[in-house]
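A.B. asks:
Residue numbers (the working numbering), protein chains in the order written: chain A, 262 to 456; chain B, 0 to 295.
Shown next as structure tokens:
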């Protein structure tokens, strides 16, 4: 790290000043408008994993200024995040708001809950998630927009990049030596059932 | 949808704010006392709120919103994040709780259930009918509009800011009145048990038990598409999954957004609205006959 620090120089004082230890009103407003985040976890040995989480804006509930709750929706049922959290409670969250260049980083420690009052607040399309991840917040800070500016992430023209990729159905069919059309149909049927 | 500008946000009780939504494109659509609107929030959620302003004022709608501690994102958004000046879309008013002409009325309101009663009481008094409002809440500070109502209507308004009103005594006192009730489920149930006839408006669905959910088939009359509804899926979800989504909002049979016309077959109505003849609400209702033909 000393070598990296020597190359980069010290962080700007303004950046350090914005490091918070709780969800203030700006962070709360950001989370209330965020439909998407990435959740980083690691196992006991420190091997890391990162997964996407998304729903309507505000799907992550602010229980108080030191506590967040994320619903666990139907996904691939691999439960990597849950297994990691059981071994190692450290988590890192990166919240995105479409159109907004800055992102919000929240780091803390997590546990899994089935507390009815928490799950009740996450009801969507008349369905509650089976579980939620509660995050006890330790660090909160806004991350500058350079990465999103350089990546043109919110520029609609950037979506043309997806045209250059094979579909998920095509990739799966190739790996399993099966009919891509069938795989595509299975995938699309699954995608229609979101809750 | 109609475009409105949020003109004013005003705290009218400890956990209740009132919103004034001014029409942005001329007069707003007319409404009658008891009506509600869908409010589309910036966080993609749609919520239903009774109109509590004056129907004669076509320039703006007024609603009041209680901050639910177990908010799923609607009332919390209204309370914490909505700011005056913002553009908001609202639906045409719908009315499942219309005021029927009568010589005498008894209005029973509990908590935020006061909202539809404000214009209803005004209209009833204006019609020359005898009208009494019994308004109950957990404490005076959680009862919006209580002071104004008492000041305007005097002895016609009876406030209970702790303890419940004696409904049996009210039934004996007003044997001939048409009874309208809006409030928590416990109050609605108590009123339905005491009064021979009571018109109710629900903000939450009643908890009832139905027969087992069975599979049925629906045919979309206009497109000819046939869709199977499995036992573990709602008609609304089955339509969405088959690529024929219909508008919806509450998904619990209280708001009426997902109304569908039934051409053939017998629906099993499970809503709290009381579906009109030939209509059903796809979010909760199912089928008694093995097949329904829908006007889709």
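Ideal Cβ placement from N, Cα and C applies to all residues, glycine included. Keep in mind that this is a model prediction, so the values were computed, not measured.
Would you call residue 51/B buried or exposed, if buried means 16 or more other Cβ atoms sit within 10 Å of its Cβ?
C.D. replies: In the second chain, the residue the question calls residue 51/B occupies position 52. That one is buried.
A.B. asks: With which residues is residue 279/B paired in a DSSP beta bridge?
C.D. replies: Counting from 1 along the second chain, the entry for residue 279/B is found at position 280. Bridge partners of residue 279/B: 259/B.
A.B. asks: Go to residue 122/B, then tell me how far its beta strand (DSSP E) extends in each direction, as first and last residue.
C.D. replies: Translated into positions along the second chain, residue 122/B becomes position 123. That residue, residue 122/B, is in no beta strand (DSSP E); its alpha helix (DSSP H) goes 113-125.
A.B. asks: List, in chain order, every chain A residue whose beta-carbon is nearer than 9 Å to that of residue 268/B.
C.D. replies: Along the second chain, one-based indexing puts residue 268/B at 269. Result: empty, since nearest Cβ-Cβ is about 17 Å, beyond 9 Å.
A.B. asks: What is the rounded straight-line gap between the Cα of residue 219/B and the Cα of residue 237/B?
C.D. replies: As a working note, residue 219/B is residue 220 in the second chain. As a working note, residue 237/B is residue 238 in the second chain. Approximately 12 Å between the Cα atoms of the pair.
A.B. asks: What is the DSSP secondary structure of residue 282/A, counted as helix, strand or coil?
C.D. replies: The residue you call residue 282/A lines up with position 21 of the first chain. Residue 282/A: coil per DSSP, three-state reduction.
A.B. asks: For a minimum of 4 consecutive residues, which ranges assigned as the alpha helix (DSSP H) are wholly contained in the stretch 366-446 of chain A?
C.D. replies: If we require 4 residues or more, the alpha helix (DSSP H) runs fully inside the stretch 366-446 of chain A come out as 377-381, 407-412 and 429-437.
A.B. asks: In terms of residue numbering, what span does the beta strand (DSSP E) encompassing residue 35/B cover?
C.D. replies: On the second chain, residue 35/B is found 36 positions in, with the first residue counted as 1. 35-39 is the span of the beta strand (DSSP E), which, as asked, contains residue 35/B.
A.B. asks: Closer than 8 Å, Cβ to any Cβ of chain A: which residues of the stretch 228-244 of chain B, in chain order?
C.D. replies: Of all residues in the stretch 228-244 of chain B, 233, 236, 239, 240 and 242 have a Cβ within less than 8 Å of some Cβ in chain A.
A.B. asks: What are the boundary residues of the alpha helix (DSSP H) that residue 343/A is part of?
C.D. replies: Translated into the one-based positions of the first chain, residue 343/A becomes position 82. Where residue 343/A is concerned, the enclosing alpha helix (DSSP H) stretches over 341-348.
A.B. asks: Let me know the secondary structure DSSP gives residue 84/B once reduced to three states.
C.D. replies: Taking the second chain and counting its residues from 1, one reaches residue 84/B at position 85. The answer is coil: DSSP assigns residue 84/B none of H, G, I, E or B.
A.B. asks: Are the stretch 211-231 of chain B and the stretch 274-289 of chain B in contact at 8 Å, needing three or more beta carbon pairs?
C.D. replies: Verdict: yes, contact present.
A.B. asks: Contact criterion: CB-CB distance below 9 Å. Does residue 289/A meet it with respect to chain B?
C.D. replies: Taking the first chain and counting its residues from 1, one reaches residue 289/A at position 28. At least one chain B Cβ lies under 9 Å of residue 289/A.
A.B. asks: Quick one: give me the first and last residue of the alpha helix (DSSP H) that residue 152/B is part of.
C.D. replies: Walking along the second chain from the start, residue 152/B turns up at place 153. That run of the alpha helix (DSSP H) goes 145-152.
A.B. asks: Express the C-alpha separation of residue 323/A and residue 298/A in angstroms, rounding to a whole number.
C.D. replies: To locate residue 298/A, count along the first chain from 1; it is residue 37. To locate residue 323/A, count along the first chain from 1; it is residue 62. Distance between the alpha carbons of residue 298/A and residue 323/A: 14 Å.
A.B. asks: At a CB-CB cut-off below 7 Å, which residues of chain A make contact with residue 42/B?
C.D. replies: Stepping through the second chain from its first residue, residue 42/B is reached at position 43. The answer, in chain order, is 293, 294, 317, 318 and 319.
A.B. asks: Select from 49/B, 262/B, 171/B and 261/B the residue whose C-alpha is nearest the C-alpha of residue 365/B.
C.D. replies: Lying outside 0 to 295, the shown extent of chain B, residue 365/B is not represented and no answer is given.
A.B. asks: Return yes when the C-beta of residue 56/B is under 8 Å from any heavy atom of the ligand FMN, and no when it is not.
C.D. replies: Of ligands this structure carries none, so the ligand FMN is not represented either.
A.B. asks: For residue 384/A, which of 365/A, 320/A and 305/A has the nearest alpha-carbon?
C.D. replies: What you label residue 384/A is simply residue 123 of the first chain in a count that begins at 1. The candidate whose alpha carbon is nearest that of residue 384/A is 320/A.
A.B. asks: Could you spell out the range, first to last residue, of the alpha helix (DSSP H) harbouring residue 76/B?
C.D. replies: The residue labelled residue 76/B in the question sits at position 77 within the second chain. Residue 76/B -> alpha helix (DSSP H) spans 74-79.
A.B. asks: Note down, in chain order, every chain A residue with its Cβ under 9 Å from the Cβ of residue 251/B.
C.D. replies: The count along the second chain starts at 1 and reaches residue 251/B at position 252. The answer, in chain order, is 387.
A.B. asks: List the residues of chain B whose Cβ lies closer than 9 Å to the Cβ of residue 446/A, in chain order.
C.D. replies: Mapped onto the first chain, residue 446/A falls at position 185. Near residue 446/A there are no residues of chain B at all, since even the closest Cβ is about 12 Å away, more than 9 Å.
A.B. asks: Could you compute how far the alpha carbon of residue 357/A sits from the alpha carbon of residue 292/A?
C.D. replies: Indexing the first chain from 1 puts residue 357/A at position 96. Indexing the first chain from 1 puts residue 292/A at position 31. Whole-angstrom Cα-Cα distance: 8 Å.
A.B. asks: Just to confirm before moving on: does the CB-CB distance between residue 109/B and residue 183/B stay below 9 Å?
C.D. replies: For the purposes of this step, residue 109/B is identified with residue 110 of the second chain, where counting begins at 1. For the purposes of this step, residue 183/B is identified with residue 184 of the second chain, where counting begins at 1. Yes, Cβ-Cβ distance for residue 109/B and residue 183/B is below 9 Å.
A.B. asks: Could you tell me the distance, in whole angstroms, from the CA atom of residue 61/B to the CA atom of residue 18/B?
C.D. replies: Within the second chain, residue 61/B is the residue found at index 62, counting from 1. Within the second chain, residue 18/B is the residue found at index 19, counting from 1. Each residue's Cα considered, the two are about 6 Å apart.
A.B. asks: Tell me the start and end of each unbroken alpha helix (DSSP H) in the stretch 150-234 of chain B that is at least 4 residues and wholly inside, in chain order.
C.D. replies: Runs of the alpha helix (DSSP H) inside the stretch 150-234 of chain B: 166-172 and 184-193.
A.B. asks: Closest to residue 98/B by C-alpha separation, out of 89/B, 111/B, 73/B and 126/B, would be which residue?
C.D. replies: The residue you call residue 98/B lines up with position 99 of the second chain. Ranking the options by Cα distance to residue 98/B, first place goes to 126/B.
A.B. asks: State buried or exposed for residue 117/B, treating a residue as buried only when at least 16 other CB atoms are found within 10 Å of its CB.
C.D. replies: The count along the second chain starts at 1 and reaches residue 117/B at position 118. Looking at its Cβ environment, which holds 16 or more other Cβ atoms inside 10 Å, residue 117/B is buried.
A.B. asks: Answer with buried or exposed for residue 107/B, where buried requires no fewer than 16 other C-beta atoms within 10 angstroms of its C-beta.
C.D. replies: Taking the first residue of the second chain as position 1, residue 107/B is located at position 108. Buried, since its Cβ has 16 or more Cβ neighbours within 10 Å.
A.B. asks: If the cut is a Cβ gap below 8 Å, which residues of chain A does residue 76/B touch?
C.D. replies: Working through the second chain from its first residue, we reach residue 76/B at position 77. The contacting residues are 293 and 319.
A.B. asks: Report the residues of the stretch 381-409 of chain A with a CB closer than 8 Å to any CB of chain B, ordered along the chain.
C.D. replies: Listed by position along the chain: 381, 382, 383, 384, 385, 386 and 387.
A.B. asks: Could you list which residues in chain E have their beta carbon closer than 7 Å to that of residue 453/A, in chain order?
C.D. replies: Protein chains A and B are contained in the structure displayed, whereas chain E is not.
A.B. asks: Using a Cβ distance threshold of 8 Å, determine whether the stretch 64-71 of chain B contacts the stretch 443-453 of chain A, with at least three qualifying pairs required.
C.D. replies: No, the stretch 64-71 of chain B does not touch the stretch 443-453 of chain A.
A.B. asks: Considering only C-alpha positions, which residue in the set 159/B, 140/B and 248/B is nearest to residue 134/B?
C.D. replies: As a first step, residue 134/B must be located in the second chain, where it is residue number 135. Among 159/B, 140/B and 248/B, the Cα nearest to that of residue 134/B is on 159/B.
A.B. asks: I'd like the list of long-range same chain contacts for residue 201/B, defined as Cβ closer than 6 Å, with 5 residues on each side in sequence excluded.
C.D. replies: Here the question's residue 201/B lines up with position 202 in the second chain. Cβ within range, chain order: 253 and 271.
A.B. asks: Which bits of chain B does residue 378/A rub up against, with CB to CB less than 7 Å?
C.D. replies: On the first chain, position 117 is the one that residue 378/A refers to. Within chain B, the residues near residue 378/A are 69.
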